[in-house]
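*Asks:* When we follow my numbering, the leftmost residue of the sequence shown carries the number 6, and every step to the right adds one.
Beta carbons: idealized from backbone N, C-alpha and C, even for Gly.
Right, I'll just put the structure down here and ask away after.
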Amino acid sequence: MPSLTIEQILRHAYQRIDKTDAHLLLQHILVVNHAFLLTHSDQILTLEQTNHFLHWVLQRSEGVPIAYLIGQREFYDSVFKVSDAVLIPRPETELLVDLALNLTPTNRACRILDLGTGSGAIAITVAKHRALSQVIAVDVSVDAISIADWNAKNLRISNVRFVISNWFSELSNEKFDLIITNPPYIAENDPHLQQGDLRFEPKLALSADHSGMNCMSHIIQTAPQHLEKDGWLLLEHGYDQADKCKILLENGNFTNICSYPDLAGIMRVSGGQFSVSS
Ligand SMILES: C[S@@+](CC[C@H](N)C(=O)[O-])C[C@H]1O[C@@H](n2cnc3c(N)ncnc32)[C@H](O)[C@@H]1O
């Protein structure tokens, strides 16, 4: 392999992957910003840098998500480590965080539960912005919990605790002021699972039985046992699941049921308050 300059190797990459992706990958390997690539186009790469970049270009051309290659993704106001054991946090999930923050006062210690925490993006962000609150975050995946725990430590967030649990199974009688969740909600036969980034993400994080409603239904039915009186449940769901979600919430005796649109105007989060005393 002859020595290649930044400009030469980028030209090679442009024929195989998106230009922006090529820049991002090379910036990550060289630990430089975009301006550096432009102003140092004749810098020669080491053999190791060259091989690393060419390997990533090949993987990216096969569809591997950028976040899995560079091992991180920005969410809200932090950068989270990710691996193929966790869902890549999505911008639309920031709506769930905003709604959770609106329901959580800054001057009082609330107890918050995040179900299916994955990388910990939701739980850690809420804990970061509500320092008096205690956040418990669960996931059934041991690998996900280990990444979430790493992210909390890396971001120095100490008011969040991670538990390996099949939804509520390890929470005995614990009660919360707010339960938030972005559960798996894609139907198992949905063709989108064979497209784009979804092909590389864990099925456990993406799909659920009963047209994608299985986990949501279990969570809505069980949440009342773990909610304080007047506590709230907020769930992220698919673009066409708001009505089904609202019916489940009504059947579960929730009140103040509402759905909220994401930035694209799609109903993305539904929730309600549990006011029946237990
Ligand atoms: C859609 S992902 C959400 C990840 C993360 N909260 C986010 O928004 O980026 C759903 C998560 O639920 C977890 N999960 C699936 N089944 C579960 C179960 N039975 N109990 C607990 N967590 C589960 C998956 O491992 C995955 O991390």
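Pop quiz: Val102 and Ile93 are said to be a contact at Cβ under 8 angstroms. What is the actual Cβ separation, rounded to whole angstroms?
*Replies:* 16 angstroms between Cβ atoms; not a contact.
*Asks:* Mapping DSSP to helix, strand and coil, what is Phe58?
*Replies:* Helix.
*Asks:* Does the contact criterion of 3 or more C-beta pairs under 8 angstroms hold for the segment 176 to 191 versus the segment 144 to 163?
*Replies:* Result no; under three Cβ-Cβ pairs closer than 8 angstroms.
*Asks:* What would DSSP say about Asn156, mapped onto helix, strand or coil?
*Replies:* Helix.
*Asks:* Is the segment 273 to 281 touching the segment 233 to 247, taking contact as three or more C-beta pairs under 8 angstroms?
*Replies:* Touching, per the Cβ criterion.
*Asks:* So is the beta-carbon of Asn187 under 7 angstroms away from any non-hydrogen atom of ligand 1?
*Replies:* Asn187 Cβ: within cutoff of ligand 1.
*Asks:* Answer with yes or no whether the minimum CB distance from Asp245 to chain C is below 8 angstroms.
*Replies:* This model lacks chain C altogether, as it is built from one protein chain only.
*Asks:* Less than 7 angstroms between the CB of Pro5 and some heavy atom of ligand 1, yes or no?
*Replies:* With the chain represented from 6 up to 283, any question about residue 5 goes unanswered, as that position is not in the structure.
*Asks:* Closest to Leu42 by CA distance: which of Arg16, Trp61, Arg21, Leu52 is it?
*Replies:* Checking every option, the nearest Cα to that of Leu42 belongs to Arg16.
*Asks:* With which residues is Gly276 paired in a DSSP beta bridge?
*Replies:* Per DSSP, Leu239, Cys263.
*Asks:* Apart from the five residues just before and just after Cys220, which ones in its own chain have a Cβ nearer than 6 angstroms to its Cβ?
*Replies:* Cβ within range, chain order: Pro188, Pro189, Ala213.
*Asks:* Taking the straight line between their C-alpha atoms, what separation do you get for Glu233 and Asp82?
*Replies:* Approximately 29 angstroms between the Cα atoms of the pair.
*Asks:* In three-state DSSP terms, what is Gln246?
*Replies:* Correct three-state label for Gln246: coil.
*Asks:* His197: buried (16+ other C-beta within 10 angstroms of its C-beta) or exposed?
*Replies:* Exposed, since its Cβ has fewer than 16 Cβ neighbours within 10 Å.
*Asks:* May I ask whether a heavy atom of ligand 1 can be found less than 7 angstroms away from the beta carbon of Gly121?
*Replies:* It does: the Cβ of Gly121 is within 7 angstroms (strictly closer) of some heavy atom of ligand 1.
*Asks:* Along the alpha helix (DSSP H) that carries Ser222, what are the first and last residues, could you check?
*Replies:* Segment 219 to 227, the alpha helix (DSSP H) holding Ser222.
*Asks:* What I want to know is whether the C-beta of Leu176 ends up closer than 7 angstroms to one or more non-hydrogen atoms of ligand 1.
*Replies:* No.
*Asks:* On the three-state DSSP scale, how would you describe Ser174?
*Replies:* Looking at Ser174 - three-state DSSP - the assignment turns out to be coil, as it is neither helix nor strand.
*Asks:* Are the beta-carbon atoms belonging to Phe167 and Ala126 less than 8 angstroms from one another?
*Replies:* In this structure, Ala126 does not lie closer than 8 angstroms to Phe167 by Cβ.
*Asks:* If you follow the alpha helix (DSSP H) that Lys24 is in, where does it begin and where does it stop?
*Replies:* Run containing Lys24: 24 to 35, per the alpha helix (DSSP H) assignment.
*Asks:* Excluding five sequence neighbours on each side, which residues of the same chain lie with their C-beta closer than 8 angstroms to the C-beta of Leu254?
*Replies:* Counting only Cβ-Cβ distances below 8 angstroms, and skipping sequence neighbours, we find Ile225, Leu238, Ile262, Ser275, Gly276, Gly277.
*Asks:* Please confirm whether any heavy atom of ligand 1 lies closer than 7 angstroms to the CB of Trp172.
*Replies:* Result yes, Cβ under 7 angstroms from ligand 1.
*Asks:* If distances are taken between C-alpha atoms only, which option among Asp23, Pro266, Gln139, Leu30 comes closest to Asn112?
*Replies:* Answer by Cα proximity: Gln139.
*Asks:* If we count the other Cβ atoms within 10 Å of its Cβ and call it buried at 16 or more, is Val91 buried or exposed?
*Replies:* Per the 10 Å Cβ criterion, buried.
*Asks:* Whose C-beta lies closer than 7 angstroms to the C-beta of Asp26 among residues of the same chain, with five residues either side of it excluded?
*Replies:* Result list for Asp26: Arg65, Ile71, in chain order.
*Asks:* Work out the CA separation of Glu12 and Leu52 for me, nearest whole Å.
*Replies:* If I take the Cα positions, the gap works out to 15 angstroms.
*Asks:* Where do the ends of the beta strand (DSSP E) carrying Thr122 lie?
*Replies:* Element bounds for Thr122: n/a, residue is neither H nor E.
*Asks:* With respect to 7 angstroms, is the separation between the Cβ of Ser280 and the closest non-hydrogen atom of ligand 1 below this value?
*Replies:* Not under cutoff, so the answer is no.
*Asks:* Opposite Phe181 in the DSSP bridges: which residues?
*Replies:* In DSSP, Phe181 forms a bridge with Leu232.
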